[in-house]
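Take a look at the structure set out below.
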DNA sequence: TGATAGGTGTTTTTT
DNA sequence: ACACCTATCA
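Residue numbers (the numbering used here): 19 to 753.
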């Protein structure tokens, strides 16, 4: 064990050896955080703590698995509880189901089902669906749940029309969940938090069970998770959290960055360890990223450093349009490959998924293999979800969402009208769909329909009879009984990807059976429901990875390209309303900067940031303003590569400096007569005074003609802002 | 039951 | 530009 400590630097060693009491590990990007926390788990166990007294919570199953395998490699007894917040809650809610006021065989609805249920709730609440898209409403409900607002509390606090409508939906949505004996992701946290609030003995019990609590990515915890951690760790106070406020990029989903920023207030005796030596990136990459993130005001000062020397500059590339941008990247990737870098060592990041298409095309044209890290893959496949729906209904017969999914799937002649009758009857009587099925005649169905419906109920009943068998057997039995093979193409089925996916699901279940040593079907379903598809993402398949900046968190690549460094894309904003609001600094601005920071710090050796002057967005070609972030990266160890072809010059460039397109951009502002005369002398590079924001320098402008003209101005006090020229009363200053 | 035309809304998505 | 939903018809 002592030899283990030799592999750590001084702050890492402190993080590992300080075992009792509260501790905050501020772990910068690439600072060996995972190493520190896995060693810490191993150190605790090697020091005599029973493994089952150690609880380490991560945000993804992948991270939990990785931690497990790295702890295992350190040769200490296994058995530590390494899991996600959600899987911990799912497990505890099964264990303490009666105290939580639920049944242990509850179904966990995935995102799809949650949105579908929201849609249903919108209908039942009589809210105009046209103005309240289910996904959006669901997000609002989710945020409320993260802050532990019950439907009643939310209703009471609703002030605006929008909130009132959402409140109505929330009430119905929650009723539907209860009726279906189902929980959504947020419920897992919320119910657990409520249970701990209401029953102090459970907190006590858990605290005795989990004597050392560790939480990774603490900057991304929401309020419910914060309370959970607090409740479990309260009696003994052994709470070790790790994270990096500079990498908090999920505030929009309810993550509360103040959890980590104010940890020391919550736990005044906390030891704070800062890991700021970076082992990942070259000096140039660190320098640029650090320079950028320093523009954030709400942060803990922390300067990454490295012992490394050498390496190439960050490359900033200006292109004419997105096609040129993609082409440049493809060629650069080809060049790096010929220098010996493998495709899987490279990645392209973008702010929004829509930017991937052009890059894909360019890669394909250049015969460069790539893969896209999609959000959804295996468990979202229709055929997989269908089979799982059968299992869900077997376990939880009142799960109408799943029941309706499969009642005529594979087709068994139960038409839309029949289903509609069943649903109506269910609503009237409060019975579940499956409950109605055996006596459907009484529900007003015609004899032929009633017969088919009853046969469906029989089918489910016969499957349910075997639900204590190994999961693999249950699934195989179900596949046979429902005739899935025929439905997927009969003898041709083995050639279809659908049938192969089903086969994969069976393998998967078999693996669960052996790994869990006789785990129940409901355990299996809960586990499957909490698997996200990033968990499946594996590298090393000889392809360049394409993904959003968000999904890049936690990864690293020797060479990285980040596209779309343009105002409006990175930082992202949409619509004119947000632009107006942008005039005051918002927390979102800082989050966008963190997102750019996260992307940059994924790079080990090569980093290129690209910017297009024109880009097609939503079917329109728009002239783009360079991202203000590009300036914030600084100029040291940055090489600018301008591959734009100069447009025909309109006027002689002015002498003042500071623009992005120094060589190619026409700095003249006036391009038509309607432009107001007071701005006649305004140029890129001009110093101006803004009545609210003070002095600043014009950095770039958008293409739109007056009065839509927008300027990007770097204010001396407030940093970069985009303002609408016709709205601002700018005063032109002499230099 | 399926196919298709029109209307709409377009960030990110660890679970 | 494009995907996705809904309504409508064969």
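Glycine included, C-beta positions come from ideal geometry on N, C-alpha and C.
Predicted model only: the values in this text are computed from it and were never measured.
Alpha-carbon to alpha-carbon, residue j and residue i
i	j	result
residue 5	residue 539	Residue 5 is absent from the structure shown; the chain starts at 19 and stops at 753.
residue 409	residue 254	41 Å
residue 478	residue 411	8 Å
residue 505	residue 428	6 Å
residue 338	residue 415	59 Å
residue 382	residue 391	16 Å
residue 76	residue 103	7 Å
residue 258	residue 517	46 Å
residue 686	residue 652	Caution applies to residue 686, whose pLDDT of 37 falls short of 50 and renders its modelled position unreliable; the value that the coordinates give is listed next. Taking the straight line joining both Cα atoms gives about 25 Å.
residue 401	residue 422	15 Å
residue 621	residue 364	9 Å
residue 141	residue 397	28 Å
residue 510	residue 490	23 Å
residue 594	residue 588	With a pLDDT of 46 at residue 594, under the threshold of 50, the modelled position of this residue cannot be trusted; read the value that follows with caution. So the two alpha carbons sit approximately 16 Å from each other.
DSSP state of residue i mapped onto helix, strand, coil
i	result
residue 273	strand
residue 70	helix
residue 615	helix
residue 200	strand
residue 453	helix
residue 519	helix
residue 435	helix
residue 538	coil
residue 365	strand
residue 56	helix
residue 150	coil
residue 692	Reliability of the predicted coordinates at residue 692 is poor, the pLDDT of 47 falling under 50, and no value is obtained from them.
residue 388	strand
residue 164	helix
residue 587	strand
residue 239	coil
residue 292	strand
residue 559	coil
residue 221	helix
residue 396	helix
residue 215	helix
residue 408	helix
Given residue i as reference, the closest of the options once Cα atoms are compared
i	options	result
residue 329	335, 320, 298 and 76	298
residue 627	637, 522 and 366	366
residue 24	259, 630 and 57	57
residue 639	284, 580, 468 and 630	630
residue 200	119, 157, 662 and 248	119
residue 233	431, 246, 450 and 276	246
residue 114	312, 492, 224 and 591	224
residue 605	37, 582 and 270	270
residue 268	256, 251 and 236	236
residue 289	34, 208, 663 and 326	34
residue 405	501, 389, 274 and 308	501
residue 250	227, 81, 261 and 301	227
residue 61	45, 31 and 46	31
residue 384	344, 591, 618 and 709	344
residue 499	488, 508, 512 and 480	480
residue 656	648, 492 and 662	648
residue 487	571, 520, 528 and 522	528
residue 158	708, 183 and 546	183
residue 485	536, 72 and 463	536
Neighbourhood of residue i by C-beta, 7 Å cutoff - its chain only, sequence neighbours within 5 removed
i	result
residue 164	204, 240, 241, 242 and 272
residue 654	305
residue 172	162, 185 and 188
residue 95	63 and 69
For residue i, the residue or residues it bridges with in DSSP
i	result
residue 799	The question about residue 799 has no answer here: the residues shown for the chain are numbered 19 through 753.
residue 708	712
residue 749	707
residue 333	626 and 657
Cutoff 6 Å; reference residue i; Cβ partners in own chain excluding five residues on either side
i	result
residue 314	608 and 611
residue 105	548
residue 136	152, 155, 156 and 191
residue 277	239 and 244
Neighbourhood of residue i by C-beta distance below 8 Å, restricted to the same chain and skipping five residues each side
i	result
residue 474	425, 430, 432 and 455
residue 360	560
residue 459	465 and 468
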